[in-house]
Amino acid sequence: MNSPVKYLVTGASSGLGGSVLATLYKNVPDPSQIAAASSRLETSQKLQQDYPGIQFRRLDYNDPKSLVESLAGVERFFFVSSPEVNTEKRNKQHERVVKASVEAKVGHVCYLPAWIIIIIFCANRVFMLGILLQSCVWGLWLRVPGFCPKSSLGD
418 MNSPVKYLVT GASSGLGGSV LATLYKNVPD PSQIAAASSR LETSQKLQQD
468 YPGIQFRRLD YNDPKSLVES LAGVERFFFV SSPEVNTEKR NKQHERVVKA
518 SVEAKVGHVC YLPAWIIIII FCANRVFMLG ILLQSCVWGL WLRVPGFCPK
568 SSLGD
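In the working numbering, the protein residues as written are 418 to 572.
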């Protein structure tokens, strides 16, 4: 069973998720309130070595059970878009993530699409927005009040 955390970041082993994790680690006073997530278990040791005190959770967009287990006890979930290039598979993955967020009672969800490829996956973004709006999960923040620890917007 995972300990409750304030922040969970997916895709934490590289790219956007890695940048978010690094920023949170620098700004959140208690690293035990941060969890990094990846579908690749081999990244666990490196992430925990690079960021002492954080939790690691295995989270696989293709495995609904791992999603719910990983999201249990999470207050704010930073959901980095799936790298899947097949739009139909990607939509299914994102739908699973949103449903698991609801089931796990995540407080806030911040979805960040891969903006570089948004033109290719334009239909996917509209689909994702529809899933989030139907799910009763707070989501799709451009600026996340309270997510960034030094936000001037407050919680």
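Even glycine gets a Cβ: it sits at the ideal position worked out from N, Cα and C.
Keep in mind it's a predicted model, so treat the numbers as computed, not measured.
- Here DSSP, grouped into helix, strand and coil, assigns K423 to strand.
- Annotation for S461: F473 place their beta carbon closer than 6 Å to its own, counting only its chain and skipping 5 residues before and after.
- Only residues of its own chain outside the window of five on either side were considered, and among them S449, Q450, I451, A452, Q472, G490, V491, E492 have a CB closer than 8 Å to the CB of V422, listed in chain order.
- F495 and L488 do not touch by the CB rule: their CB atoms are close to 12 Å apart, not below 8 Å.
- Looking at the DSSP output, I451 shares a beta bridge with Y424.
- Closest in alpha carbon position to N444, among G432, E459, Y468, is Y468.
- Note on geometry: alpha-carbon atoms of G434 and E512 lie some 19 Å from one another.
- For the pair D477 and S499, the Cα-to-Cα distance works out to about 10 Å.
- With a beta-carbon spacing of about 5 Å, A517 and V485 fall inside the 8 Å limit used to define contacts.
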